[in-house]
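S.K.: Heads up, this note's numbering is the position in the sequence shown plus 680, with the first residue counted as 1. We put the CB at the ideal spot given by N, CA and C, even for glycine. Because the structure is a prediction, the values reported are computed rather than measured. The structure's right below; bear with me while I get my questions together.
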Amino acid sequence: MSRCIICWQEFKKINNRQKYCSKKCYNVKVRRLTNKYILNKKQCELCNKTFIPNKNHPKAKFCSKKCNKKNYYLEHRNLTLKYPHLWDAKKYCKFCNRLIKFNRNNYIVSELARKFCSEKCRRALANIKRRKHILKEKECLYCKGIFKPHYLHPQTRFCSYKCNAAYNYYNKYKSLISKYPKGFETIKHCKKCGKQIIFDKSKPMNTELIRNYCSNKCRSKESHYRFKIKNPEGYKEKIKRRRQSEKGKIAHRFSAKKRKYMLKNIITAYTAKEEMELKSKGICFGYKRKPHFVGKSQLEIDHKCPVSKANKYYIKTGKKKRYTIKNVQPLCRDCNQEKLDKI
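Written out as structure tokens, the structure reads:
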């Protein structure tokens, strides 16, 4: 049995975290937490009464709307007392040329900024301006056809969205069009391998026509070669760091394995990343038994068609054996020894 924090009655716990006997006690605690900042009393700036502000407006300065309105009125009255001649200013309506009657209950600045005597006059003048713009015919800057602009967009210079887009495109790529007048149909060759560059028409022209390489591989090879010639000491340090890292060690082992297979007339058509993905789950595919979990460290990569038979295949056909990631499987040491050179 345990006791409630608020009412101190004994109750049985449903969970170890329970502190309250019922929802009522819990709601009392929540109200106390939420009303912490509301309970701070304040003094009204106008009538000097003490009041508790609403939780939605905790930074209120006045006790009620009446006090707020009175304060606004007093500030407005002080301005009118200082500058009484402002109300005597004469202003005429832009549409009907009548005298504008100012409302002295409103603020001075907002009233003196008025240009119309009423909303009807303001709307009438706006409608006349729109009609004038619609009646004017214009010439398109791109296709030079005559058109009437819409009343919401009277300052348009083009007859359609297509003309606007074409005009902007021409001005943006003016220098490129002078160099490459054929656009995407221009023939460019890769600086590294000499292959023709195939442009991607979904991408913008300014990024595609500047390309000097057919792919990212050729670009990275060229930059790697330049760095090697210009900064040989930095290149050596870079290789040292690479070989000391985990990824570098895996790649070094994989390349050593490739060299051994090259002597046996074998081509490895998969990467070190693909090999690591096969081992990632740590499951042995099994030989004459079901697949089972062993772990990453105890897995070995087995060739479905044995490596020992690849040299014989080369002598018969004169073609090197090609191994893809589909022709390879991860096996544990026991399964690999059982299989040996069997297919």
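(1) Counting only runs that start and end within the segment 810-859, where is the beta strand (DSSP E) found for 3 or more residues in a row?
(2) In this structure, does DSSP put S882 in helix, strand or coil?
(3) Decide if the segment 970-978 is in contact with the segment 914-932; the criterion is three or more beta carbon pairs, one per stretch, under 8 Å apart.
(4) Can you pull the DSSP bridge partners for L754?
(5) Can you tell me whether C743 is buried or exposed? The criterion is at least 16 other CB atoms within 10 Å of its CB, across all chains shown.
(6) DSSP state of Y993, grouped into three classes?
(7) Whole angstroms are fine: how far does the CA of R933 sit from the CA of D1021?
(8) Going by the CB atoms, is the gap between K999 and A990 shorter than 7 Å?
(9) In this structure, how does DSSP classify K961 when only helix, strand and coil are distinguished?
(10) Given that a residue counts as buried once 16 or more other Cβ atoms are within 10 Å of its Cβ, and exposed if not, what is Q1009?
(11) Determine the direct distance from the alpha carbon of K901 to that of K908, and round the result to whole angstroms.
(12) DSSP on I718, reduced to helix/strand/coil?
(13) Let's see if you can read the secondary structure: which residues bound the beta strand (DSSP E) around C1012?
(14) Suppose you measure from the CA of Y822 to the CA of L856; what does that come to, to the nearest Å?
(15) What are the partner residues of Y1003, as DSSP defines its beta bridges?
(16) With a CB to CB cut of under 8 Å and the five nearest residues on each side skipped, what residues in its chain are close to I718?
M.R.: With the structure as the only source:
(1) none
(2) coil
(3) no
(4) None, per the DSSP bridge assignment.
(5) buried
(6) helix
(7) 23 Å
(8) no
(9) coil
(10) buried
(11) 11 Å
(12) Since pLDDT at I718 reaches only 48, below the 50 mark, its modelled position is unreliable, and the value read off the structure follows with that caveat. The answer is coil: DSSP assigns I718 none of H, G, I, E or B.
(13) V1008 to C1012
(14) 19 Å
(15) T948
(16) Because the pLDDT of I718 is 48, which lies under 50, any placement of that residue in the model is unreliable, and the question is left without a value.
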